[in-house]
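J.:
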Amino acid sequence: MRWLLTTPHGIEPAELQRELEPLGVRVEQTAPIPLGDEQVVEAEGPDDLPARLEGRTSLVHHVHPDSGIEPYG
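Heads up: the sequence shown begins at 305 in the numbering used here, then just goes up one per residue.
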C-alpha cells in the first residue's frame, strides 16, 4: 500500500528508509515535499503501517494513505 509520511523537516529519505526497513517499508528516495516545519515523504508498506509505527519512531509524525492524484474539474 502507498503511504504519505509526515516527518520533521530535514530528515533525509535514506535515514527514514534505514529506520523503517525492518517494518517492511520502502521509502521513495525523492525530495521530500516541504510542509512548514515538517515534510511529506512517499512510501510503500504494509496495510497496517500506522499501527506498526505507533510508538516505534519519533521520525514519523503522521501516516496517511496516498490516494493518488486526480484531475480537478
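We put the beta carbon where it would ideally sit given N, CA and C, even for glycine.
Quantities reported herein were computed from a predicted structural model and do not represent experimental measurements.
Shortest alpha-carbon distance to residue 333 belongs to which of 319, 363, 340, 370?
T.: 319
J.: What does residue 366 pair with, by DSSP beta-bridge criteria?
T.: 310
J.: Let me confirm a value: residue 323 is counted as buried when at least 16 other C-beta atoms fall within 10 Å, else exposed. Which label applies?
T.: buried
J.: Identify, in the order they occur along the chain, each residue of the same chain with its Cβ nearer than 6 Å to the Cβ of residue 341, setting aside the five sequence neighbours on each side.
T.: Leaving aside the five residues that flank residue 341 on each side, the residues in its chain whose CB is nearer than 6 Å to its CB run, in chain order, 313.
J.: So residue 355 and residue 309 are in contact, right, with Cβ under 8 Å, and what is the actual spacing, rounded?
T.: No, residue 355 and residue 309 are not in contact; Cβ-Cβ is about 14 Å, not under 8 Å.
J.: Grouping DSSP H, G and I as helix and E and B as strand, with all else coil, what is residue 317?
T.: Residue state, collapsed to three classes: helix.
J.: Given this structure, state the Cα-to-Cα distance separating residue 368 from residue 351, to the nearest angstrom.
T.: Each residue's alpha carbon lies about 11 Å from the other.
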